[in-house]
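Q: Structure in structure tokens, see below.
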Amino acid sequence: MRSAVRPRGPDARRRGPHRAGEGSPAVVMTRERTARGGACMRGARLVGLLCLMALLLAVPAPRAQVAGAAGQDRAAVLQELFVLNRRLEEARAALADVEARLRAVSSQEEAALADLARLQEELAARREQYGRRLRYYREQGNRGPWVLLLTAGSLADFLWRLDALKQIMDYDARLARVLMETQAAVAAQAERLAQARAEADRLRDEQLARVAELEAAIADREAILAGLGDERAEVEEALAAVEADWQQSAMPVLDALGQALQQLGTAGLQPDDLRFSLFPPSAVATITEEQLNAYIGGYDALAGLRVDLVGEEEAFVLSGTFADVPVEISGGFLVLPDGRLRFEPSLMQVREFRVPEGVIAEIVSQGLLDIDVSSLVAPLTLTGVELTDGRMTVRAGLR
């Protein structure tokens, strides 16, 4: 009798031990339900994890970070508004200048028009007068002068008539000359009037452009303020404070600094060390920080400020208070082609407000911070300036 147990081969070992009912439909359905249930559980876990991550990401950032970002935005807005205010000032000043020139040109135009009308009336009268003389000669022909001379009763009468005829001819020539001069004056006055009108038209066009520029700056400013929403009043208050500091502290300090720098070469500042060389001809002057502070302190407007020479940054730093307002100006020096020295601020700060670079560049371009140091290095020419910790070295030579 054969055994009911089938022999196990390699395939049987891989499938595992045979169990009763393993291949039945009931068992297969049970396994499918179990697999689907496991997949659903894994999907639920994934969805829950994603929701948890979304909640964590939605948690507000720390207040310090939000406040820092708001502070940066506020500083940027203040700088932009400050620049727009400078644009407004420039546009208003340019518009006022154009309007003043337009008024002057309009007055010249009116005067030229009145003079032209007067000259035209005079020209008409001269033409009428000269026309009568021409009609008389045309009617009389060339016989009149000869008849006048040949009918003289005596030599004295002849000479008298000859002199009278000469005076008449001089009068006619004078009439012709005055007529031509009047015609030339009318033409010149008409040209001046045309030039005045052209200049007035040009100024009116420039006026329109300036008005458009002013309106654009006002619109930009209003757009920024309108975008602030509830913070508008607060920003406007901060901007007003910045403007007050700018007018009452920063500008006076810049004016005083410019005056002090421009008089640097003639106000008796003596270098701490001065050395000359003959081959090649050159000079090196050393000015210490203490000497500069003693010089700067001689100006009342700068008495509350101190100079620091920072070698690492090659910077001339003027910091302190003016009218109880903290002010800091930092920058370097540039030797100009004509041998003058220019102070170029890279940082200008009033309280916590940093003046935009464009405003600083405009101030520098006006030449307020250009320094004539020729008296310090005469008869040589300035060639370079070096800033080290606590001292400034000025070099001069031949160019």
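For the sequence shown, UniProt numbering assigns the number 1 to the initial residue and increments by one for each residue that follows.
For every residue, glycine included, the Cβ atom is placed at its ideal position computed from N, Cα and C.
This one's a predicted model, so the numbers in the text were calculated from it and none came from an experiment.
Given this structure, state the Cα-to-Cα distance separating residue 341 from residue 372, to the nearest angstrom.
A: Numbered from 1 along the sequence shown, position 341 holds the residue referred to as residue 341. Numbered from 1 along the sequence shown, position 372 holds the residue referred to as residue 372. Distance between the alpha carbons of residue 341 and residue 372 is about 6 angstroms.
Q: Do three or more CB pairs link the region 356–366 to the region 275–286 at distances below 8 angstroms?
A: Verdict: no, contact absent.
Q: Can you grab the Cα-Cα spacing for the pair residue 111 / residue 385, in whole Å?
A: Translated into the one-based positions of the sequence shown, residue 111 becomes position 111. Translated into the one-based positions of the sequence shown, residue 385 becomes position 385. Approximately 57 angstroms between the Cα atoms of the pair.
Q: Taking the DSSP output, what are the residues bridged to residue 333?
A: Reading the sequence shown from its first residue, position 333 is the one you call residue 333. BP columns for residue 333 point to 343.
Q: Could you tell me the boundaries of the alpha helix (DSSP H) in which residue 241 lies?
A: In the sequence shown, the residue the question calls residue 241 occupies position 241. Start and end: 232–245.
Q: Taking only the alpha-carbon atoms, compute the straight-line gap between residue 121 and residue 213 and give it to the nearest angstrom.
A: Your numbering for residue 121 matches position 121 in the sequence shown. Your numbering for residue 213 matches position 213 in the sequence shown. Taking the straight line from one Cα to the other gives about 45 angstroms.
Q: Which residue comes first and which comes last in the alpha helix (DSSP H) that contains residue 182?
A: Here residue 182 refers to the residue found at position 182 of the sequence shown. That run of the alpha helix (DSSP H) goes 155–226.
Q: May I ask you to report which of helix, strand or coil DSSP gives residue 25?
A: Along the sequence shown, read from residue 1 onward, the residue named residue 25 stands at position 25. In this prediction, residue 25 scores a pLDDT of 47, lower than 50, which makes its location untrustworthy; the coordinate-derived value is nonetheless stated afterwards. Three-state result, residue 25: helix.
Q: Could you tell me the alpha carbon to alpha carbon distance between residue 229 and residue 101, rounded to whole angstroms?
A: Locating residue 229 in the sequence shown gives position 229, counting from the first residue. Locating residue 101 in the sequence shown gives position 101, counting from the first residue. Their backbone Cα atoms lie some 41 angstroms apart in a straight line.
Q: Taking just the CA atoms, how far does residue 277 sit from residue 381?
A: Translated into the one-based positions of the sequence shown, residue 381 becomes position 381. Translated into the one-based positions of the sequence shown, residue 277 becomes position 277. In a straight line, the C-alpha of residue 381 is about 14 angstroms away from that of residue 277.
Q: Assign residue 109 to one of two classes, buried (16 or more other C-beta atoms within 10 Å of its C-beta) or exposed (fewer than that).
A: For this step, residue 109 is matched to residue 109 along the sequence shown. Result: buried.
Q: Tell me, to the nearest whole angstrom, how far the beta carbon of residue 299 is from that of residue 260; I am working on the premise that it is less than 8 angstroms.
A: Here residue 299 refers to the residue found at position 299 when the sequence shown is read from its first residue. Here residue 260 refers to the residue found at position 260 when the sequence shown is read from its first residue. Contact flag correct, Cβ pair sits at about 5 angstroms.
Q: Could you check how far apart the C-beta atoms of residue 309 and residue 390 are, in whole angstroms? I think they sit under 8 angstroms.
A: In the sequence shown, counting from the first residue as 1, residue 309 sits at position 309. In the sequence shown, counting from the first residue as 1, residue 390 sits at position 390. Between residue 390 and residue 309 the Cβ distance is about 6 angstroms, and since that is below 8 angstroms, they are a contact.
Q: In this structure, how does DSSP classify residue 147 when only helix, strand and coil are distinguished?
A: What you label residue 147 is simply residue 147 of the sequence shown in a count that begins at 1. Note: residue 147 maps to helix in three-state DSSP.
Q: Can you tell me whether DSSP reads residue 386 as helix, strand or coil?
A: Along the sequence shown, read from residue 1 onward, the residue named residue 386 stands at position 386. Reduced to three states, the DSSP call for residue 386 is strand.
Q: According to DSSP, is residue 258 helix, strand or coil?
A: As a first step, residue 258 is located in the sequence shown; it is residue number 258 there, counting from the start. In this structure, residue 258 counts as helix in the three-state DSSP scheme.
Q: Can you say whether residue 251 is buried or exposed, counting buried as having 16 or more other CB atoms within 10 angstroms of its CB?
A: Taking the first residue of the sequence shown as 1, we reach residue 251 at position 251. Residue 251 should be labelled exposed.
Q: Please report the straight-line C-alpha distance between residue 395 and residue 256, rounded to a whole angstrom.
A: For the purposes of this step, residue 395 is taken as residue 395 along the sequence shown, with counting starting at 1. For the purposes of this step, residue 256 is taken as residue 256 along the sequence shown, with counting starting at 1. If I take the Cα positions, the gap works out to 26 angstroms.
Q: List the endpoints of the continuous alpha helix (DSSP H) containing residue 320.
A: Taking the first residue of the sequence shown as 1, we reach residue 320 at position 320. Taken as a continuous stretch (DSSP letters only), residue 320 belongs to no alpha helix (DSSP H), being part of the beta strand (DSSP E) at 315–322.
Q: Between residue 81 and residue 221, how many whole angstroms is the CB-CB distance? I'm expecting something under 8 angstroms.
A: Within the sequence shown, residue 81 is the residue found at index 81, counting from 1. Within the sequence shown, residue 221 is the residue found at index 221, counting from 1. Sure, about 6 angstroms apart at Cβ, within 8 angstroms.
Q: When we look at the beta-carbon of residue 295 and count the other beta-carbons within 10 Å, is it buried (16 or more) or exposed?
A: By 1-based counting over the sequence shown, the position of residue 295 is 295. Under this definition residue 295 is a buried residue.
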